[in-house]
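Quick note on our numbering: the sequence shown kicks off at -13 and runs consecutively.
Shown next, in structure tokens, is the structure this report addresses.
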Amino acid sequence: MNRHPAGSTLTVATMVAALAATAVISTANAAPAEAAGRRILDTSWDTAADFARGTGQGIEARGDTVRVGQGARRTRFTDVDGVRRQASVARWTSPWVATEFGATEMIPSWRARTPRGTLVVVQARGRDATGSQGSWDTVARWAAGDHTVLRRSGGSQVDDLTSLATDTLRATSAADGRIAGWQVRISLVKADDARRGPVLQAASLVATRVPSGPNARASRPAARGLGVDLDVPAYSQMIHRGEYPQWGGGGEVWCSPTTMSMLMAFWDRLPAAKRWRWVDDAYADPWVDHGARSTYDYTYRGAGNWAFTTAYAGSRLPVARVTRLRNLRAAQQYVAAGVPLGISIAFDRGQLDGSPLTSTGGHLLVIRGFTESGDVIVNDPAAESNAGVRRVYDRAQLEAAWQRRSGGLTYVVAPKSVTLP
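Next up, the structure:
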């Protein structure tokens, strides 16, 4: 299962102080889509030209990345051992991304390298239709490992135009439930004794207007992607019951890292064995345990943070982000391109025939293909064993389960060599 938060405790002094920044309206690499009241705007920055559209303080552009450079400010942070460490902080701020349709939600993603002694702080804010800007909300204090800090999402921060629900910024009543523009800010923090600094490789956001009414009718199958079944390795989350309670304890709560492990394995990009050699030799599929540890959110107290999951995959794959898709016709385009997807679903009793779960408020699985008639071939990690993971679900039922609660939430991970739809 996946979802929602407790409170945040990690302190990073001075990092959340606002900086004045010149910003421009932008839809760099933006891809809008709409369906039955649902609107989606996907925006990413992952090249030197993209990053140049934003503004920086104390940053250095090197190739298609952003690093700590001259002019970085001084700060301090408390590490995992409770030690206050002197550090430098540089900051990159995206251009404003206009959402003229009035977005109700936004989810940021990022890809970064954080060697020991470093971390990144991800923040975001909204702007309403009058031009009034909200305050910066801290989305994450994040590091790939858990040797420097324990990665955490921010608290709810219900103070003006937006609030945070673990990984998702939501428009508040102060914004009349609609946000006209979004901005992301990423701070790179390097302890003075760190041998190497953090590297920002990519940032993205998906802004959505999620309708409050009933779901649209099920989509009819497109021609592309039918009869395709991608050979995605099958892993069960349930075989991990009771493993490592400090990271959730496996079983029902490890759907997200298990789903991502399947996607990474499909691309032959699981972490090297030395990364998960700490896992007990008696445990099968130890990379799943490693994935749970590497995505665990110490505020939410679980391994279901969507952005943390794609950030983990980003250490091994150059394309790794959270997005939303409007229906299964859109998913077919990815499958036709050879790209399996992770999706978040929710359903009540009797709403998804053949599922190993009776009901769920939030669950992740892999779309690996489509039958000739348009039903969906999945790898469902909720199966009791790896042998039962591959299943076929009714198209209309799965589409409703996917769109109903998460609004079409999707993990997209791939190598650069693949052309995405």
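All C-beta atoms, glycine included, are put in the ideal place defined by N, C-alpha and C.
The structure presented is a predicted model; accordingly, all values stated were derived computationally and were not measured.
Less than 8 Å separating the beta-carbons of residue i and residue j?
i, j, result
"residue 110", "residue 147", "no"
"residue 97", "residue 297", "yes"
"residue 83", "residue 183", "no"
"residue 150", "residue 123", "yes"
"residue 324", "residue 249", "no"
"residue 89", "residue 75", "no"
"residue 211", "residue 356", "yes"
"residue 61", "residue 192", "no"
"residue 64", "residue 169", "no"
"residue 327", "residue 397", "yes"
"residue 375", "residue 242", "no"
"residue 178", "residue 293", "no"
"residue 159", "residue 107", "no"
"residue 136", "residue 379", "no"
"residue 33", "residue 50", "yes"
"residue 315", "residue 205", "yes"
"residue 269", "residue 229", "yes"
"residue 337", "residue 387", "yes"
From the DSSP secondary-structure annotation, give me the bridge partner or partners of residue i.
i, result
"residue 349", "331"
"residue 42", "78"
"residue 379", "362"
"residue 94", "191"
"residue 106", "128 and 174"
"residue 111", "169"
"residue 89", "165"
"residue 395", "310"
"residue 139", "126"
"residue 47", "52"
"residue 356", "214 and 362"
"residue 149", "156"
Measure how close the beta-carbons of residue i and residue j come, nearest whole angstrom, since I'm counting them as under 8 Å.
i, j, result
"residue 139", "residue 125", "7 Å"
"residue 24", "residue 196", "7 Å"
"residue 52", "residue 186", "4 Å"
"residue 303", "residue 214", "Contact doesn't hold; Cβ gap of about 21 Å is too wide."
"residue 240", "residue 289", "6 Å"
"residue 153", "residue 313", "Not a contact, Cβ separation roughly 22 Å."
"residue 31", "residue 44", "At roughly 18 Å, the Cβ-Cβ gap does not stay under 8 Å, so residue 31 and residue 44 are not in contact."
Please classify residue i as buried or exposed, where buried requires at least 16 other C-beta atoms within 10 Å of its C-beta.
i, result
"residue 406", "exposed"
"residue 171", "buried"
"residue 335", "exposed"
"residue 95", "buried"
"residue 85", "buried"
"residue 134", "buried"
"residue 318", "buried"
"residue -5", "Interpretation of residue -5 is limited by its pLDDT of 31, a score under 50 that renders its predicted location unreliable; no figure is taken from the coordinates."
"residue 181", "exposed"
"residue 401", "exposed"
"residue 408", "Lying before the first or after the last residue shown, residue 408 is absent from the chain, which here runs from -13 to 407."
"residue 117", "exposed"
"residue 264", "exposed"
"residue 307", "buried"
"residue 218", "buried"
Does any heavy atom of the ligand MG sit closer than 7 Å to the C-beta of residue i?
i, result
"residue 280", "With respect to the ligand MG, the structure offers nothing, as it holds no ligand at all."
Point to revise | Whole alpha helix (DSSP H) elements within the region 202 to 257, 4-residue minimum | key: 241 to 252
Check your understanding: What are the complete beta strand (DSSP E) segments, minimum 3 residues, inside the region 267 to 332?
Key -> 305 to 310
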